[in-house]
Amino acid sequence: MTWLNVAGTTFAIALIVWAEWRCLVDNQKKERASLIAVTGIAWLMAVLILIFPDIPGPIVMFNSIFKPLISGLK
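The opening position of the sequence shown corresponds to residue 12 in this note's numbering, with each subsequent residue numbered one higher.
In structure tokens, the structure reads:
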């Protein structure tokens with residue numbers, strides 16, 4: 012079932028990229044590169060969350076980085 016969700020997510024993202032790609036003019040290479048980069052990162056994050064649903068969020072990472080700094084200031 013997880014791979015079906017990954018396939019659905021990939022299909023949805025492919026539709027988004029296809030629709031946005033058609034709106035861009037041929038000489039907008041930087042915009043196309045940023046579309047692919049941002050969409051690729053979003054797809055990767057979505058697939059990781061689908062495969063590993065217990066992965067900690069970004070707040071856990073920030074707390075682990077800044078907690079020693081805050082306790083050192085007190």
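Yeah, the Cβ is synthetic: ideal placement off N, Cα and C, and Gly gets one too.
Test item: CB-CB of residue i and residue j under 9 angstroms
| i | j | result |
| --- | --- | --- |
| Ile47 | Thr13 | no |
| Ile60 | Ile66 | yes |
Of the listed residues the options, nearest to residue i (C-alpha basis)
| i | options | result |
| --- | --- | --- |
| Arg43 | Trp54, Val17, Asn74, Trp29 | Trp29 |
Distance, residue j Cα to residue i Cα
| i | j | result |
| --- | --- | --- |
| Val58 | Thr50 | 12 angstroms |
| Met56 | Ile24 | 12 angstroms |
| Gln39 | Glu31 | 12 angstroms |
| Ile27 | Leu84 | 46 angstroms |
| Lys41 | Ser82 | 43 angstroms |
| Ile76 | Pro64 | 22 angstroms |
| Arg33 | Ser45 | 15 angstroms |
| Ile70 | Lys78 | 11 angstroms |
Same chain only: Cβ atoms within 8 angstroms of residue i, ignoring 5 sequence neighbours per side
| i | result |
| --- | --- |
| Phe73 | none |
Same chain, Cβ closer than 6 angstroms to residue i, neighbours up to 5 away in sequence not counted
| i | result |
| --- | --- |
| Asn16 | Leu61 |
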